[in-house]
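Here the structure comes first, spelled out in structure tokens, and everything after it is commentary.
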Amino acid sequence: MKDTFRLAGHEFSSRLIIGTGKYRSYDEMKAAHAASGAEMVTVAVNRVPLDGSSESFLDHLNPQMKIVPNTAGCYDADHAIRTARLAREALDTEWIKLEVIGDQITLLPDNEQTLEAAKVLVKEGFVVLPYFTDDLIMAKKLLDAGCPAVMPLAAPIGSGMGVQNPSNLRIMREQLPDATIIVDAGVGVSSDAAIAMELGADALLMNTSIAEAGDAAQMATAMKLAVEAGRLAYLSGRMPKRLYASASSPIEGAIK
Amino acid sequence: MTVKIIVNGETREVESGLTAGALLDFLSLPKKRIAVELNSEVLRRSLWPSTEISAGDRLEVVHFVGGG
């Protein structure tokens, strides 16, 4: 059976979800998206400028990719809910990446407000993909509220620090074996992506690690390979870690 | 007669009795893949031609941009 990524009735071949922010140009973004193999992409909701300067950003996206709007910039449940409703109206999609931020420096999620918004949005029929801290208890609450997946961070948004607490993700995977876990935020380089997948993530969402790479398209390829490698490793079952050595070559029979 | 409204956080003085659709035209705003909120509630596209804007109304007109 092919190892596809299933989410809310959709099936994806790629376990890499990519953002659209911070690219130096539309051309770089398009090349990076193509190289990544990603089939899902996030966008932000923003006020239309009144000075007539708005460009049709969506025209620059590969139309085959599933567009998932986010509620970035929202600091409380009410704003996130209003933003999600507007996004649904504008794009005619039920999917929403729910992001409710606690403060501007860390951009860490306000889990409490996230849960409150998730409950309302699930009731209104949204497919809610909540971004939150890598906390098992919060994951359970979000899943119980009806979110089809949970999106714990690896590290703060745009920090490029990689998975800061591998134990949390391991625990989450083990305690929630049937949950869809998408690690979102903080990945910096391909080894970070591989690690997250090796810990059992079902998918990864990343933006800055590709957009701010020297060569975005090349890094997108690296990420694609890392996600595949990490997933294969996870499915293969890694060897145990040992404090001491375990010989690979025969101990007996060496010449003396 | 004109009325003062707030669009995307900015005060605008517009003709009284404009519909939401006409307001978007008046402000030269795009109409594709956008959404409008009127006084904190989504104003469905189908209602743009029939909803009149009143003094003191607060509107948010949003589109999509790059994001993570």
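Line by line, the protein sequences are chains A and B.
Note that numbering that gives the first Met the number 0 has the first sequence beginning at 0, numbered continuously upward.
Note that numbering that gives the first Met the number 0 has the second sequence beginning at 0, numbered continuously upward.
Here a beta-carbon is modelled for each residue, glycine too, at the ideal position from N, C-alpha and C.
Can you pull the chain A residues whose beta carbon is under 9 Å from the beta carbon of residue i, in chain order?
{"i": "B/N38", "result": "Within 9 Å Cβ-Cβ: nothing; B/N38 doesn't reach chain A, min ~11 Å."}
{"i": "B/A34", "result": "V44, R84, L85, A86, R87, E88, A89, L90"}
{"i": "B/V41", "result": "R81, R84, L85, R87, E88"}
How is residue i classed by DSSP in three states: helix, strand or coil?
{"i": "B/K3", "result": "strand"}
{"i": "A/E227", "result": "helix"}
{"i": "B/G8", "result": "coil"}
{"i": "A/R46", "result": "strand"}
{"i": "B/R44", "result": "helix"}
{"i": "A/I194", "result": "helix"}
{"i": "A/M28", "result": "helix"}
{"i": "B/G65", "result": "strand"}
{"i": "B/L28", "result": "coil"}
{"i": "A/A154", "result": "coil"}
{"i": "A/A253", "result": "coil"}
At 8 Å on the CB atoms, spell out the chain A contacts of residue i, in chain order.
{"i": "B/S27", "result": "G51"}
Among the options, which one has its Cα closest to the Cα of residue i?
{"i": "A/A117", "options": "A/S248, A/I80, A/V42, A/A193", "result": "A/I80"}
{"i": "A/R46", "options": "A/K29, A/A37, A/T70", "result": "A/T70"}
{"i": "A/R23", "options": "A/H78, A/A202, A/A212", "result": "A/A212"}
{"i": "A/Q163", "options": "A/V182, A/G124, A/P147", "result": "A/V182"}
{"i": "B/F63", "options": "A/T179, A/A30, A/T41", "result": "A/T41"}
{"i": "A/K259", "options": "A/A43, A/N61, A/E123", "result": "Nothing in the structure corresponds to residue 259 of chain A, since chain A is present only between 0 and 255."}
{"i": "A/A219", "options": "A/E27, A/F4, A/S35, A/L6", "result": "A/S35"}
{"i": "B/R44", "options": "A/D75, A/R84, A/G185, A/E54", "result": "A/R84"}
{"i": "A/L90", "options": "A/E111, A/E98, A/I17, A/F125", "result": "A/F125"}
{"i": "A/K140", "options": "A/Y25, A/E111, A/R237", "result": "A/E111"}
{"i": "A/D214", "options": "A/V188, A/T3, A/D201, A/L175", "result": "A/V188"}
{"i": "A/Y130", "options": "A/S55, A/E123, A/A148, A/K122", "result": "A/A148"}
{"i": "A/I170", "options": "A/P68, A/M160, A/L107, A/A195", "result": "A/A195"}
{"i": "B/M0", "options": "B/E12, B/G8, B/V6", "result": "B/E12"}
{"i": "B/T74", "options": "B/I4, B/A19, B/E14, B/G8", "result": "Outside the shown range of chain B, which is 0 to 67, sits residue 74 of chain B, and nothing can be said about it."}
In chain A, what lies closer than 7 Å to residue i by C-beta?
{"i": "B/E9", "result": "L49"}
{"i": "B/V2", "result": "Within 7 Å Cβ-Cβ: nothing; B/V2 doesn't reach chain A, min ~17 Å."}
{"i": "B/V13", "result": "Within 7 Å Cβ-Cβ: nothing; B/V13 doesn't reach chain A, min ~12 Å."}
Using a C-beta to C-beta distance shorter than 7 Å, which residues of chain B count as neighbours of residue i?
{"i": "A/I156", "result": "G67"}
{"i": "A/T41", "result": "G66, G67"}
Against residue i, what residues of chain B qualify as contacts under a CB-to-CB distance less than 8 Å, listed in chain order?
{"i": "A/T132", "result": "Near A/T132 there are no residues of chain B at all, since even the closest Cβ is about 16 Å away, more than 8 Å."}
* Start-end ranges of the alpha helix (DSSP H) lying completely within the segment 52-138 of chain A, minimum 4 residues -> Fully enclosed alpha helix (DSSP H) runs of 4 or longer: 76-90, 110-122.
* When Cβ atoms are compared, which residues of the segment 49-63 of chain A fall closer than 8 Å to chain B? -> The residues in question are L49, G51, S53, S55, F56, L57.
* Asked: Listed from N- to C-terminal order along the chain, which residues in the segment 53-67 of chain B have their beta-carbon within a distance smaller than 7 Å of any beta-carbon of chain A?
  -> Those would be E59, V60, V61, H62, F63, V64, G65, G66, G67, in chain order.
* What residues in the segment 9-23 of chain A have a beta carbon less than 8 Å from any beta carbon of chain B? -> Of all residues in the segment 9-23 of chain A, G18, T19, G20, K21, Y22 have a Cβ within less than 8 Å of some Cβ in chain B.
* Asked: Going along the chain, which residues of the segment 63-79 of chain A sit with their C-beta nearer than 7 Å to a C-beta in chain B?
  -> So the close ones are P68, N69, A71.
* Going along the segment 191-212 of chain A in order, which residues come within less than 9 Å of chain B, judged by CB to CB distance? -> Within the segment 191-212 of chain A, the qualifying residues are L204, M205, N206, T207, A210.
* What are the uninterrupted segments assigned as beta strand (DSSP E) that are 3 or more residues long and contained completely in the segment 200-226 of chain A, given in chain order? -> The beta strand (DSSP E) runs of length 3 or more contained entirely in the segment 200-226 of chain A are, from start to end of the chain, 202-205.
* Asked: Taking only runs of the beta strand (DSSP E) that begin and end inside the segment 158-190 of chain A, which ones reach a length of at least 3 residues, in chain order?
  -> With a minimum length of 3 residues, the continuous beta strand (DSSP E) runs that stay inside the segment 158-190 of chain A are 181-183.
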